[in-house]
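Only one structure is covered here, and it is reproduced in the block below.
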Amino acid sequence: MRRKQACYGRRVIKGDQVSALLEVRGITKSFAGVHALRGVDLDVRPGEVHCVLGQNGAGKSTLIKTLAGVHRPDQGSIAWQGEVVEIPTPEAALELGIATMYQELDVVDGLTISENIFLGHELARGGFTKRSEAARQTTELLRRLGHANLSPHTEVGQLSAANKQIVSMARALSHDIKLIIMDEPSAVLDTEEVKNLFHVVKELTSEGIAVVYITHRLEEIRQIGDRITVLKDGRSMASGIPVADTPTADLIRLMTGREVANVFPPAVPIAADAPLVLDVDGLGLAGVFSDVSFTVRAGEIVGLAGLVGSGRSEIIETVYGARKATAGTVSVGGKKLRRGSVVSAVEAGIGLSPEERKSQGLVLDEPIFVNVTLSSVSRFAKAGFLDERAERKVASEQIEALELRPANPDRAARTLSGGNQQKILLARWLVHGTRVLLLDEPTRGVDVGARAEIYTLIRRLAAAGNAVVIVSSEIEEVLGLADTVLIISDGRVLQTLPASQIDEHGVLDLVMKGTAA
Amino acid sequence: MSEPLTTPDLGGPPTSVNAPSGRNSEKTGLQKIMSGSVGRNLGLVLALLLLVVVGAVTAGESFTTFSNALVILRQASIIGVVSIGMTLVIIAGGIDLSVGSVLGLASIVATLAAIQDLADQTHWIVMIVIALAVGLGAGLINGVVIAYGNVVAFMATLAMLVAARGLAEILAERRTLIVEDRGFVSFMNSDVIGVDVLIWIFAIVAALGWVILNRTTFGRRTVAIGGNREAARLAGINVKRHTMWLYAIAGLCAGIGAVMILGRTTAGSSTHGQLLELDVIAAVVVGGTLLVGGRGTITGTVFGVLIFATLTNVFVQNNLTSSVQAVAKGIIIVVAVLLQQRFAKPGGRD
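So the sequences go chain by chain: A and B. In this text, residue positions in the first sequence follow the working numbering: the first is 30, and each later residue adds one. In this text, residue positions in the second sequence follow the working numbering: the first is 72, and each later residue adds one.
Below, the structure written as structure tokens:
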């Protein structure tokens with residue numbers, strides 16, 4: 030918390046009262062009679078990091094969009110630097126000095142960094158862009174953000190998610206910005222990149238720019254937050270409480286309305302005679318990873334731990350046949366799978382819950398039951414004709430078993446929270462009758478309250494005789510769930526060992542060394 | 072584990088996530104009605120009724136006869152049949168620009184076969200089979216190039232559009248080939264229970280299309296591929312093979328269209344079906360199918376086809392030129408798409 034004190038010291042303080050930059054009072058917003066916001070207070074001071082915490086559906090997105098000029102509030106007031114204002118359009122928000130960094134970054138892949146930054150307010154004379162001036166200013170902005178190494182002429186499509194965020198921030202700074210809203214910026218970043226992000230946030234606040242930081246990761250709030258506003262069901266449960274004085278348990282209670290112990294369910298010992306289900310032998314993908322071998326027995330959970338870019342996601346995608354292996358074999362129950370064939374993997378009983386749930390896992394506009402039966406739809410058909418009633422029935426059974434909410438098989442998958450969307454994918458493979466479950470980032474975008482539920486489910490799936498492989502960027506999660514851990518670095522398996530024999534530091538240590546070597 | 076889990080097997084923890092409830096209803100009442108399949112088609116029904124009223128008022132009794140209704144349906148039938156295949160392709164996120172050329176080619180190949188030797192010795196059914204086979208074959212080529220060659224559908228079918236038309240011209244040597252077979256011509260121009268065979272063919276193809284889309288695994292997978300291709304692939308659906316068959320179906324529909332046009336005009340011509348693809352795509356889109364895929368109905372397409380056919384009829388009855396028709400068509404397309412964007416936004420807010 031050293032940094033935070035430094036921040037307080039830098040602020041312009043008149044007496045005890047810090048003048049608020051933004052004051053939101055009693056905002057409500059409803060869509061066709063459904064209340065998304067039922068009364069939200071939020072005040073943001075210059076140069077602070079104000080965290081907004083809340084589960085999916087708590088109203089975070091609506092609040093952001095209200096401030097960004099996308100939605101207009103039904104009631105309540107917004108004051109900016111002491112004056113009541115209206116924010117009818119995104120342009121108006123920018124004019125006031127409010128920039129928003131959405132989760133789905135709004136950068137244009139085909140344009141260069143410099144072109145992206147000045148998109149919409151190009152530096153031009155008589156319709157001709159001033160390219161060198163734009164490049165110069167871009168370099169300046171990137172330096173302010175501690176990324177002088179990026180060239181203004183690089184195409185944004187070639188950048189990592191982390192660097193795209195930097196571009197998005199630089200674009201915000203290219204306007205005269207006093208407040209920047211970041212919607213779960215860490216969701217797509219790994220540990221190292223998050224550190225970098227925090228560094229940039231610090232740079233911004235030291236210039237007096239306020240940051241509203243949306244997240245559901247409590248540990249991040251501890252690291253960078255000054256004050257917190259907690260949203261639940263469209264209301265601010267607590268507004269502007271200092272980070273330092275608020276115990277984590279209180280935050281969780283405010284967020285969920287109940288006590289949550291974020292513990293992993295106890296491991297179930299694997300039966301001594303549990304059969305070998307998945308056998309990966311010498312698997313390789315040219316240029317990405319090589320010589321990956323491991324086995325998973327029925328009831329066992331194997332975790333792949335490594336940084337982003339280590340090849341962990343690519344490994345399980347290759348096991349699944351979504352990428353075509355260039356070496357090695359994958360066998361299920363002793364039967365070798367055809368390389369690069371998802372169809373053959375699914376037939377053999379492998380199921381994948383992909384990293385990007387929305388873009389790779391779900392048909393978002395289709396109802397829950399369609400998504401649940403997607404892999405086994407032919408089983409609900411006679412001579413090609415579907416029996417939707419049977420589909421709904423089976424989906425309803427899974428909804429009940431997995432406590433999927435809302436418990437309505439006809440709801441579009443899009444309308445569900447991250448945790449419930451994850452359950453749809455689990456249900457899909459349960460219905461299909463898998464023996465091997467590959468779970469890539471099973472709790473990404475799942476809020477704290479629902480995580481424990483997913484953990485318990487994964488444990489139970491293993492206990493029911495499935496072989497489970499899990500990949501997560503949260504090492505704690507891998508260690509907490511897995512029986513056996515593979516430490517992956519730079520496309521190689523550094524070590525395979527029981528999860529009980531290593532802790533988070535040990536893993537990081539190995540990974541760092543492995544990369545350096 | 073090979074059986075779906077049941078409740079006692081997997082109770083899950085006692086807590087549950089407070090999932091947003093009623094989130095789906097964040098639309099105005101009108102939007103809600105309009106976004107359902109019933110509602111969207113309701114809009115089309117209203118549009119069609121409006122046209123009928125305009126027709127009845129401006130053209131009077133010559134418009135409001137049963138025989139004129141048959142004229143409209145006959146007019147609609149060929150575009151209609153081709154539109155059904157196109158609907159499936161577009162729902163899956165694809166496009167087929169070659170249908171008009173394929174129809175022309177199939178009409179030429181079928182008549183050539185009938186003119187040469189075959190005509191006297193074989194039944195006209197052979198001619199039909201040849202037309203269908205040409206359509207199916209061209210569609211399969213499209214499908215293979217798109218699915219397995221990873222060529223963008225727009226380009227692959229554009230190439231087929233050009234090539235098939237050219238091949239038809241070579242084969243026809245710029246002649247119009249008269250269908251000599253009286254049996255075929257009289258069958259295609261006969262009626263069953265007072266309704267033309269052509270209209271029956273349209274009705275049957277539309278019904279089959281509806282069943283395929285709404286009641287079969289093939290239809291379900293088509294929607295899934297259009298809604299999220301990658302998710303469909305990772306769910307274990309053989310997306311490539313499925314895509315190939317979709318274009319084959321579109322080609323087959325063009326083949327059926329060729330048979331119909333042979334019956335109607337009693338001649339095969341390399342100019343048959345020129346610019347047909349545009350009318351077909353317009354009908355599908357006006358019918359509410361999203362060009363990006365994942366959403367669309369056969370019923371909507373049928374209405375889209377009928378709206379354009381009725382429009383043409385109303386204009387003809389009022390002695391307006393085809394140029395005026397074209398302008399009106401363009402306006403209808405834009406208005407229909409604007410209305411769709413307004414009322415049928417997919418999904419929820421987040």
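Quick reminder that beta carbons are idealized off the backbone N, C-alpha and C, glycines included.
Three-state secondary structure assigned by DSSP to residue i
i, result
"A/Phe-323", "strand"
"A/Tyr-484", "helix"
"B/Gln-412", "helix"
"A/Ala-441", "strand"
"A/Gln-389", "helix"
"A/Lys-353", "coil"
"A/Gly-332", "strand"
"B/Phe-289", "helix"
"B/Ser-138", "helix"
"A/Val-337", "coil"
"A/Leu-66", "strand"
"A/Gly-269", "strand"
"A/Ala-300", "coil"
"A/Ser-189", "coil"
Where residue i meets chain B, residues with beta-carbon distance less than 9 Å
i, result
"A/Gly-390", "Asn-299, Glu-301, Ala-302, Leu-305, Ala-306"
"A/Arg-121", "For clarity, residue 121 of chain A is Ala in the given sequence; the question names Arg instead. None at all; the shortest Cβ gap to chain B is about 21 Å."
"A/Val-306", "The premise fails here: A/Val-306 is roughly 11 Å from chain B at the closest Cβ pair, so nothing lies under 9 Å."
Terminal residues of the alpha helix (DSSP H) in which residue i lies
i, result
"A/Phe-398", "397-401"
"A/Arg-547", "Residue 547 of chain A lies beyond the stretch modelled for chain A, which goes from 30 to 546, so this question has no answer here."
"A/Asp-532", "Segment: none, A/Asp-532 is in no alpha helix (DSSP H) and carries neither H nor E."
"A/Glu-52", "It is not in any alpha helix (DSSP H) - A/Glu-52 instead sits in the beta strand (DSSP E) that spans 51-60."
"A/Gln-427", "417-430"
"A/Ser-342", "341-348"
"A/Ile-379", "Run containing A/Ile-379: none in the alpha helix (DSSP H); it sits in the beta strand (DSSP E), 379-382."
Residue i classed as buried or exposed, judged by whether at least 16 other C-beta atoms fall within 10 angstroms
i, result
"B/Tyr-219", "exposed"
"A/Pro-117", "exposed"
"A/Pro-396", "buried"
"B/Gly-364", "buried"
"A/Asn-192", "buried"
"B/Glu-132", "exposed"
"A/Gly-111", "exposed"
"A/Gly-149", "exposed"
"B/Leu-279", "exposed"
"B/Ile-196", "exposed"
"B/Glu-74", "Unreliable positioning characterises B/Glu-74 in this predicted model, as indicated by a pLDDT of 40, which lies under 50. A coordinate reading is not provided."
"B/Asn-389", "exposed"
"B/Val-128", "exposed"
"A/Glu-124", "exposed"
"B/Ser-257", "exposed"
The beta strand (DSSP E) enclosing residue i, as first and last residue numbers
i, result
"A/Asp-205", "Segment: none, A/Asp-205 is in no beta strand (DSSP E) and carries neither H nor E."
"A/Leu-515", "513-518"
"B/Lys-311", "Premise fails: B/Lys-311 lies in the alpha helix (DSSP H), 310-336, not in any beta strand (DSSP E)."
"A/Asp-469", "465-469"
"A/Gln-524", "521-527"
Proximal chain A residues relative to residue i, where beta-carbon distance stays under 7 Å
i, result
"B/Val-276", "None at all; the shortest Cβ gap to chain A is about 17 Å."
"B/Gly-423", "Only positions 72 to 421 of chain B appear in this structure, which leaves residue 423 of chain B out of reach."
Residue i at chain C interface by Cβ criterion, 8 Å
i, result
"A/Ala-351", "In the structure shown, chain C cannot be found, because the protein chains are A and B."
Partners in chain B for residue i, counting only beta-carbon separations shorter than 8 Å
i, result
"A/Val-137", "Within 8 Å Cβ-Cβ: nothing; A/Val-137 doesn't reach chain B, min ~19 Å."
"A/Val-217", "Those within 8 Å of A/Val-217 in chain B number zero; the least Cβ separation is about 17 Å."
Contacts that residue i makes with chain A (C-beta to C-beta distance below 8 Å)
i, result
"B/Val-160", "Those do not exist, as B/Val-160 stays about 18 Å from chain A at its closest Cβ, beyond 8 Å."
"B/Gly-359", "The contacting residues do not exist; B/Gly-359 stays about 14 Å from chain A at best."
"B/Gly-364", "The premise fails here: B/Gly-364 is roughly 10 Å from chain A at the closest Cβ pair, so nothing lies under 8 Å."
Per-residue contacts from residue i into chain A (C-beta, under 9 Å)
i, result
"B/Arg-253", "Ordered by position in chain A, no residue passes the 9 Å Cβ test against B/Arg-253, which lies about 39 Å from the chain."
Notebook entry, point to check: Mind listing which residues of the segment 369-383 of chain A have their C-beta closer than 8 Å to chain B's C-betas, in chain order?
Noted result: Val-371, Val-372, Ala-374, Val-375, Glu-376, Leu-381, Pro-383
Margin query: By the 7 Å beta-carbon criterion, what residues does the segment 401-415 of chain A contribute toward chain B?
Written below: Leu-403, Ser-404, Val-406, Ser-407, Ala-410, Gly-413, Phe-414, Leu-415
Item checked: Residues from the segment 441-458 of chain A in contact with chain B, defined by Cβ distance under 8 Å -> Ala-441, Arg-443, Thr-444, Leu-445, Ser-446, Gly-448, Asn-449, Arg-457
Next item on the list: Note down, in chain order, all residues in the segment 375-392 of chain B with a beta-carbon under 7 Å from any beta-carbon belonging to chain A.
Entry: none
Check: Got a sec: which bits of the segment 309-320 of chain B sit with their beta carbon under 7 Å from any beta carbon on chain A, in order along the chain?
Finding: Asn-309
Next item on the list: Give the residues from the segment 282-295 of chain B that approach chain A closer than 9 Å (Cβ to any Cβ), ordered along the chain.
Entry: Val-282, Ile-283, Asn-285, Arg-286, Thr-287, Thr-288, Phe-289, Gly-290, Arg-291, Arg-292, Val-294, Ala-295
Item checked: Residues of the segment 135-169 of chain B with Cβ closer than 8 Å to any Cβ of chain A, in chain order -> Those residues of the segment 135-169 of chain B that come within reach of chain A (Cβ to Cβ, closer than 8 Å) do not exist; the list is empty.
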